[in-house]
Amino acid sequence: MLEKIRDRFSESIQIQIAAAELLPQRLQQAANRLVSCLLRGNKIIVCGDGRSYANAQLLVSNLLHRYDLARPSLAAHLLHFDSVLAGCLSQDNEAAEIYKKQLQVIAKEGDILVAFSPFGNEQAVLNAINSANNENLEILAFTSSRNDHTKGLLSENDIEIEMPSINEMRIIEGHQFYVNLLCELVDNLLFNPNAH
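Residue numbers in the sequence shown follow our numbering, run continuously in steps of one, and reach 223 at the last position.
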């Protein structure tokens with residue numbers, strides 16, 4: 028049992044070391060993009076499927092309430108899955124349309140869609156990305172090494188934060204770290220711009 032625990036620590040640390048080599052510039056770009064969106068009066072729209080729904084909720088909670096700094100709420104909206112709408116769509120075999128339908132109603136040009144897609148095959152998330160493309164939204168995609176489907180939908184103007192792993196649990200925990208880091212960067216850029 029202790030060996031298994033040590034192996035999991037080691038695995039997580041090695042993946043984070045690899046990510047630390049690959050992602051700092053993209054995370055900086057993502058923070059700047061989110062801040063620009065907020066400063067021009069637009070909103071950040073967030074979706075995630077399966078276990079990634081928790082990371083989507085965390086991001087929106089951090090933006091609406093606070094991450095570390097006490098500050099005004101920031102314009103963020105969670106595309107919901109746990110609702111009567113989910114039940115109705117499931118009944119009609121259209122559950123994969125749930126985020127697309129919500130996005131089409133609330134999205135305005137200049138908004139950003141943040142999509143959590145750890146496997147790259149979450150159809151509800153892929154449909155939301157397609158819809159975001161049709162609405163001319165910028166996209167910030169949290170993905171993994173299994174990102175072929177997602178990557179095919181992103182343009183050169185979009186930002187992909189790719190966790191260098193195919194292990195779902197390491198991907199989810201890595202995405203949570205990036206959410207927290209992005210929220211810290213956004214807070215500093217907006218309310219403490221001289222912080223380094």
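Quick reminder that beta carbons are idealized off the backbone N, C-alpha and C, glycines included.
Identity of the residue in the options nearest residue i by Cα
{"i": "GLN150", "options": "THR177, LEU61 and GLU211", "result": "THR177"}
{"i": "LEU123", "options": "LEU181, ILE156 and VAL206", "result": "Here residue 123 is Ala; the residue named in the question, Leu, does not match the sequence. The option with the nearest alpha carbon to ALA123 is ILE156."}
{"i": "LEU50", "options": "LEU217, LEU208, ASP109 and ASN221", "result": "LEU208"}
{"i": "VAL132", "options": "LEU61, CYS115, SER158 and ARG173", "result": "SER158"}
{"i": "ASN160", "options": "SER182, SER172, LEU29 and GLU195", "result": "SER182"}
Classification of residue i by the beta-carbon crowding that lies within 10 angstroms, buried from 16 upward
{"i": "ASP214", "result": "buried"}
{"i": "LEU96", "result": "exposed"}
{"i": "ASP175", "result": "exposed"}
{"i": "VAL73", "result": "buried"}
{"i": "ASP34", "result": "exposed"}
{"i": "ASN184", "result": "exposed"}
CB-CB length for residue i against residue j, believed under 8 Å
{"i": "GLU162", "j": "GLU136", "result": "7 Å"}
{"i": "ASN202", "j": "PRO145", "result": "It should be noted that the sequence gives His, not Asn, for residue 202. That belief holds up - the Cβ atoms of HIS202 and PRO145 are roughly 7 Å apart, short of 8 Å."}
{"i": "LEU153", "j": "GLN129", "result": "The pair is not a contact, with the Cβ atoms about 15 Å apart (cut-off 8 Å)."}
{"i": "GLU211", "j": "TYR126", "result": "Between TYR126 and GLU211 the Cβ distance is about 27 Å, and since that is not below 8 Å, they are no contact."}
{"i": "VAL87", "j": "LEU217", "result": "With 8 Å as the limit, VAL87 and LEU217 do not qualify as a contact, their Cβ atoms being about 16 Å apart."}
One or two residues paired with residue i in a DSSP bridge
{"i": "VAL141", "result": "VAL73 and LEU167"}
{"i": "LEU32", "result": "Leu is not the amino acid found at residue 32; the sequence shown has Ile there. DSSP output for ILE32 lists no bridge partner at all."}
{"i": "LEU105", "result": "VAL73"}
{"i": "ILE188", "result": "PHE169"}
Residue i CB to nearest heavy atom of the ligand NAP below 7 Å
{"i": "ALA58", "result": "For the ligand NAP, the structure offers nothing, since it holds no ligand at all."}
**Message:** I'd like to know if the segment 31 to 51 and the segment 65 to 85 are in contact, where contact means that at least 3 CB-CB pairs between them fall below 8 Å.
**Reply:** With a cut-off of 8 Å, the segment 65 to 85 and the segment 31 to 51 do not count as touching, because too few Cβ pairs lie within range.
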